[in-house]
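Residue numbers (the numbering used here): 10 to 378.
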């Protein structure tokens, strides 16, 4: 039988970010962007079942069998923690693990733009961090909340599925509630959180209409609320929130969102070339009066242009962020061009940077004759 704690210890030793367990295959880890087989025998379905049982116990295993998907967290005796998703595929159990770093990184260490720090000073409103799965949303969110925790005497309540980073009480007083064990779902947790005298609420994900409505209401009633969405840019984020509602309610939601939304940070990770690891490139929308009018009047298509022309205010266009990370020597030229919105335009943007770097290289001395 494959022992899950031994496998997870191998993940840490190999400095990997993810582990995947599939029946018929050995455990497979992801390090940076590569998938690597571990030197273990293929996993049987009984092995996978025992792994899940050992982590969650028989009661939650029954829930897993009924729902066919379950999110939770687990840890090793040395303190290393993992976010886990257990699910069924082809009627066999599969498990995905994500390593949760022991330390919450500082915002500066994440190389996020300076404006992100300023968002932690907001007294109220809704701040969204968006991106695809594995784009570092949870890490950025935890870093922002930790900065508040270090600076301000606030009461912070988090609702997470599962709890990832463990937040210690510093200046702030923090309660972390896990969906499934501390409360049944995000929406009910939010409802009760509003009765618990919070200054700041962090909602792990706005994944359905009920949670979305409760999150906006929390921001509307004078709280600072942070949450995430699986969207790739600000315009798509706003459309997604509005489109989740029936047509008859959408005008009302546009008004509520225009009044409460403060910022959208959309991020994607690039592989670093200067050292092992990943670095985020971001788009940042700040809700100026022009942006709020666009939301109210359903002119979301104008938002990309507002971002492009509002750099002096701290807004960030994704392509500019990519170019900046390339200029700093963090990311690869080919990937920067390929993943930009306009590869031809990006190539022109990077050309002066390449020319400048080439000019800085010392010329080779001619060989003596």
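Each residue gets a CB set at the ideal place from its N, CA and C atoms; glycine is no exception.
In the DSSP annotation of this structure, residue 286 is not part of any beta strand (DSSP E), being labelled neither H nor E. Short of 6 Å from the beta carbon of residue 154, and not among the five residues preceding or following it, lie these beta carbons of its own chain, in chain order: 211.
Here the stretch 203-210 does not lie against the stretch 264-279, with fewer than 3 beta-carbon pairs under 8 Å apart. DSSP places residue 134 in the uninterrupted beta strand (DSSP E) bounded by 134-139. The alpha-carbon of residue 192 is positioned some 13 Å away from that of residue 213. Boundaries of the beta strand (DSSP E) harbouring residue 78: 78-84, taken from the DSSP string.
By alpha-carbon distance to residue 116, the top candidate from 79, 51 and 148 is 148. In this structure the stretch 290-306 lies against the stretch 122-135, because at least three pairs of beta carbons, one per stretch, are closer than 8 Å. Per DSSP, residue 268 is one residue of the alpha helix (DSSP H) stretching across 259-269. Taking 9 Å as the cut-off, the beta carbon of residue 95 is found no closer than this to the beta carbon of residue 68. Residue environment for residue 146: buried (at least 16 other C-beta atoms within 10 angstroms of its C-beta).
Spatial neighbours of residue 170 in its own chain (CB-CB distance under 8 Å, excluding positions within 5 residues in sequence) are listed in chain order as 80, 187, 188, 189, 195, 213 and 214.
In the structure shown, residue 127 falls within a helical segment according to DSSP collapsed to helix, strand and coil.
Remark: C-beta atoms of residue 108 and residue 91 approach each other more closely than 9 Å. Inclusion of residue 106 and residue 225 in the CB contact set at 9 Å is not warranted, their separation being larger than that value. The Cβ-Cβ distance between residue 304 and residue 267 falls below 9 Å. Counting along the chain, no alpha helix (DSSP H) covers residue 205, and no H or E run does either. Counting C-beta pairs with one atom in each stretch, the stretch 128-146 and the stretch 228-239 have three or more that are closer than 8 Å, which means they touch.
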